[in-house]
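Trainee:
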Amino acid sequence: MLSNETTKKIDYELTKYPADQRQAAVMSALRIVQTEHGWLSQECISDVAKYLGMPEIAAMEVASFYNMYDLAPAGKYKISICTNISCMLRDSDEIVNHLKTKLGVGFNEITADGKFCLKEGECMGACGGAPLMIVNNHTMHEFLTTEKVDAILDELK
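Under the numbering used here, the first residue of the sequence shown is numbered 65, with each subsequent residue one higher.
Set out below in structure tokens:
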């Protein structure tokens with residue numbers, strides 16, 4: 065069941081679309097629910113679909129297509145590292161290896177304390193700031209070095 069706070073946020077998003085196009089807010093609604101729960105369970109996706117008056121499978125198609133949505137628990141801090149060509153050419157491999165060593169996890173794994181999850185990300189559209197990562201789909205960090213990564217991790221702890 066969606067909380068009152070969540071439905072208020074979704075209702076605000078719905079004001080951006082024609083009244084007969086509620087499904088247009090599905091991406092925002094899924095983001096809002098994921099922010100509240102930390103990930104999207106089948107029940108959450110179903111609740112969003114019902115609230116927006118759309119087929120459940122259509123909401124699932126959106127949730128499973130985009131890598132910003134997590135269909136399983138992802139840890140308190142989801143760190144998505146760009147490994148596409150621009151970042152790779154600017155040593156993202158070094159950053160990835162540093163994070164894997166520092167956190168003791170590989171891609172799509174969660175640290176034992178449940179705090180961090182490491183994800184491989186597709187192009188994040190900020191190639192000029194390569195290499196880069198995004199924390200929890202909201203905070204982008206550019207021009208990464210191992211020292212900068214350590215400072216970011218220290219802030220998150």
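Note that the Cβ used here is the ideal one computed from N, Cα and C, for glycine as well.
Give the straight-line distance between the Cα atoms of residue 123 and residue 134, rounded to the nearest whole angstrom.
Mentor: The straight-line gap from Cα to Cα measures roughly 13 Å.
Trainee: Consult DSSP for residue 202 and reduce its assignment to one of helix, strand or coil.
Mentor: It is coil, neither helix nor strand.
Trainee: Do three or more CB pairs link the stretch 112-123 to the stretch 156-166 at distances below 8 Å?
Mentor: No, because fewer than three Cβ pairs between the stretch 112-123 and the stretch 156-166 fall closer than 8 Å, the two stretches do not touch.
Trainee: Who does residue 168 pair with in a DSSP beta bridge?
Mentor: DSSP lists no partner for residue 168.
Trainee: I believe residue 146 touches residue 187 by the beta-carbon criterion, under 8 Å. Please report the beta-carbon distance rounded to the nearest angstrom.
Mentor: Indeed, because the Cβ distance is near 6 Å, the residues count as touching under 8 Å.
Trainee: Can you check which of these residues, 175, 164, 150, 171, is closest to residue 193 by C-alpha distance?
Mentor: Residue 193 has its Cα closest to that of 150, out of 175, 164, 150, 171.
Trainee: May I ask you to report which of helix, strand or coil DSSP gives residue 73?
Mentor: Helix at residue 73.
Trainee: Looking at the structure shown, is residue 185 part of a helix, part of a strand, or coil, going by DSSP?
Mentor: Residue 185: strand per DSSP, three-state reduction.
Trainee: Considering only residues of the same chain and omitting the five flanking positions on each side of residue 219, which have a CB-CB separation below 8 Å?
Mentor: For residue 219, where only same-chain residues beyond five positions count, there are no Cβ hits under 8 Å.
Trainee: Alpha carbon to alpha carbon, how far is residue 201 from residue 92? Give it in angstroms, no decimals.
Mentor: Their Cα atoms are separated by approximately 13 Å.
Trainee: Under three-state DSSP, which class holds residue 197?
Mentor: Looking at residue 197 - three-state DSSP - the assignment turns out to be strand.
Trainee: With distance defined between alpha-carbon atoms, name the residue in 72, 69, 217 nearest to residue 164.
Mentor: It is 217.
Trainee: If contacts are defined as beta-carbon pairs under 8 Å, then residue 107 and residue 67 qualify, I think. What distance do you get, rounded to the angstrom?
Mentor: That pair is no contact at about 13 Å.
Trainee: On the DSSP letters alone, give me the boundaries of the beta strand (DSSP E) that residue 146 sits inside.
Mentor: Run containing residue 146: 141-146, per the beta strand (DSSP E) assignment.
Trainee: When the Cα of residue 136 is compared with those of 168, 214, 115, 102, which residue comes out closest?
Mentor: For residue 136, the nearest C-alpha among the options comes from 102.
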